[in-house]
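If you're matching positions, the sequence shown starts at 8 in the working numbering and goes up one per residue. Glycine included, C-beta positions come from ideal geometry on N, C-alpha and C. Reading through the structure tokens given below for one structure.
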Amino acid sequence: MIEGRINTVETFGSVDGPGVRFIFFMQGCPLRCGYCHNPETWSMTEGGEVMTAEAAFQKAFRFKNYWKNGGGITVSGGEPLAQIDFLIELFKLAKAKGVHTCIDTAGAPFTREEPFFGMFKELMEVTDLLLVDVKHIDNEKHLDLTGKTNTNILDMFHYLDEIQKPIWIRHVLVPGYTADEDSLTRLDAFIKTLSNVQRVEVLPYHAMAITKYEKYGIPYRFKDVEIPDQETIQKANDLLHTAEYTGYKN
Numbered sequence: 008m009i010e011g012r013i014n015t016v017e018t019f020g021s022v023d024g025p026g027v028r029f030i031f032f033m034q035g036c037p038l039r040c041g042y043c044h045n046p047e048t049w050s051m052t053e054g055g056e057v058m059t060a061e062a063a064f065q066k067a068f069r070f071k072n073y074w075k076n077g078g079g080i081t082v083s084g085g086e087p088l089a090q091i092d093f094l095i096e097l098f099k100l101a102k103a104k105g106v107h108t109c110i111d112t113a114g115a116p117f118t119r120e121e122p123f124f125g126m127f128k129e130l131m132e133v134t135d136l137l138l139v140d141v142k143h144i145d146n147e148k149h150l151d152l153t154g155k156t157n158t159n160i161l162d163m164f165h166y167l168d169e170i171q172k173p174i175w176i177r178h179v180l181v182p183g184y185t186a187d188e189d190s191l192t193r194l195d196a197f198i199k200t201l202s203n204v205q206r207v208e209v210l211p212y213h214a215m216a217i218t219k220y221e222k223y224g225i226p227y228r229f230k231d232v233e234i235p236d237q238e239t240i241q242k243a244n245d246l247l248h249t250a251e252y253t254g255y256k257n
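Pasting the structure below:
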């Protein structure tokens, strides 16, 4: 029986997928995004609660009566694809009960090499929607921002387009890092090469997690970055043409 390490859960999520969601925040992430608001989820081996996929599903399924308007289960993180075997079993249980399934991922573990790729294809058979985060469209700037390059991540986008798996794209707007016109224009051009995008969202940077960094003794490199103002946010929405995407489609 496959076990997963889960950091926390949210019983009535409203922004991580359509409708009301039960959200699992998985433990473990290979990225080290400078503005990450969940640094407590980074460790692959410590933190959270270990439980079987069956136990996790039953924990969520108790809330099924609240899953209106396309609601269901979302698995976030951390990085959920780092525990892909657990996701497969959890989502198979969910689909057997007709539950809508969603993954919130930055795509860092993605590769077309085996055994991961075969497992990913199996996971996609029981996944209804992915929320995918483009940290930065530029490879070198992505490396600086997260500690990893983005080549395999952008390839995941291409694969999801190949199989026509619905995605929502989300982009964290960090002044001085991801908010410049050139980067946003390049990101928009990339998004326009995809035919499976249902929604594009701009997520304004915030520094609410700084107390977590202080608690864990982790240097916070963005402590002097200002929260984007409404003009900056609107410009990003315009450059990414977010209004052209209608959102969730059944």
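Note on the segment 132-168: whole beta strand (DSSP E) runs with a minimum of 3 residues are 136-140, in chain order. Here A115 is near I160, since their CB atoms are less than 9 Å apart. Only exposed fits D151, as fewer than 16 other CB atoms lie within 10 angstroms of its CB. The shortest CA-to-CA distance from K142 to any of M51, H248, R193 is the one to R193.
The segment 50-137 contains, as complete beta strand (DSSP E) runs of 3+ residues, the segments 56-59, 79-83, 107-112 (chain order).
For L194, there is no enclosing beta strand (DSSP E); the enclosing alpha helix (DSSP H) has its first and last residue at 188-198.
A buried status is given to Y220, since no fewer than 16 other beta-carbon atoms sit within 10 Å of its beta-carbon. The straight-line gap separating the alpha-carbon atoms of Y212 and G79 is approximately 27 Å.
In this structure, the alpha-carbon of A60 lies about 17 Å from that of G85. Between the C-alpha atoms of K155 and E47 there is a straight-line separation of about 19 Å.
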